[in-house]
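In the UniProt record's numbering, the protein residues as written are 1 to 399.
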């Protein structure tokens, strides 16, 4: 049986007490706090039970009470722990690994509880036994508590994830919407090209899926391509336009953390622009080919790469079209002739011009790879320019 006592001077040994049950420890700590024990008593009892130094931090990661006088964690790490959007082991500002648990219940947050040392399932279970007692102490004393607003609409949650404003309250609201930020989904964008704007808004409202709408564009999150395709198909059906491609969709990569969703949404917006220029109804990060490596690059770098490899023929649209077809058809003059509606001799003449201007054979493996990448860079540049011009309403509207 564990005795609840105040601070003692002996150092923490390594490893939990073998005969301590988490359930028994939780009951004893809770009863002790109800009887008037302080949170310092709880931490020192937990230190003896786990064999680890213990630290209670504020919601911002600053130390509130410790058994070793140690440091806290960055505010972003504390946020992630409270939102349950990170693993159990974190690193403190004084460079030590520690098991971290959120001390919260509903809208009441008492802070973050750390047991210093490498990860250990039994230590984690024993640490969890102190959470209820610390919450009772926080409510009783009014110290170290914070109210987390739950007043987030579905659209507000998506907007916060899109902007990278991932607070504990946003994570809690996301969880209530079925969005698991421990395994972050991908940011996704849908765009409507039809004429029935009211039907589009109604269709979005009927999705039963968290959506942020601004005019003809809507943002959401999806776990995979199948869900994105299903959302698009349902919107196509509900809006009822004659054309099958009046709704277009794109999604970005799956980030490693909730804050990475902002990047995923940016990728999705750029891919949507590419989908619109290429008239592809659905385009995802996983299926965009070499564009994956281009998405992080700024406009100037894309422009420089395209110019370096395609500069001599960029202003010759007939040669650019022939090069695309020649690469796509792997040098089949007959296929290129049929695709471009040209005589075979004309195709041969254009290919000779391309070789002359570029100073190389486009079908050489290394050259072909460079040219494919340069053409993809041009496509992405064109899509970005259309989006920035606001053609047919930009996907960045309302930001």
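Even for Gly, the Cβ is constructed at its ideal location relative to N, Cα and C.
Item	Value
Can you tell me which of the three DSSP states residue 200 falls into?	helix
Are residue 270 and residue 378 touching if we call contact CB-CB under 9 Å?	no
Within 8 Å, do at least three Cβ pairs link the region 279 to 287 to the region 228 to 239?	yes
To the nearest whole angstrom, what separates the beta carbons of residue 159 and residue 204, a pair I think is in contact under 8 Å?	With 8 Å as the limit, residue 159 and residue 204 do not qualify as a contact, their Cβ atoms being about 14 Å apart.
Using the Cα positions of residue 350 and residue 207, report the straight-line distance between them to the nearest angstrom.	50 Å
Taking residue 218 as part of the beta strand (DSSP E), name the residues at either end of that continuous run.	217 to 222
Out of 308, 319 and 345, which one is the CA nearest neighbour of residue 367?	308
Applying the 10 Å Cβ sphere with the 16-neighbour rule, what's the burial state of residue 293?	exposed
Nearest-angstrom Cα distance between residue 20 and residue 38?	21 Å
Closer than 8 Å is the cut-off here; do at least three beta carbon pairs connect the region 94 to 105 with the region 59 to 78?	yes
Along the chain, where does the beta strand (DSSP E) containing residue 301 start, and where does it finish?	Segment 299 to 310 is the alpha helix (DSSP H) holding residue 301; no beta strand (DSSP E) there.
How is residue 102 classed by DSSP in three states: helix, strand or coil?	strand
Out of 225, 210, 226 and 227, which has the shortest C-alpha to C-alpha gap to residue 219?	210
Please tell me whether residue 141 and residue 46 are closer than 9 Å, where the distance is taken between their beta carbons.	no
Pick out whichever of 361, 255, 342 and 273 has its Cα sitting closest to the Cα of residue 193.	273
So the candidates are 153, 195 and 163; which of them puts its Cα closest to the Cα of residue 175?	153
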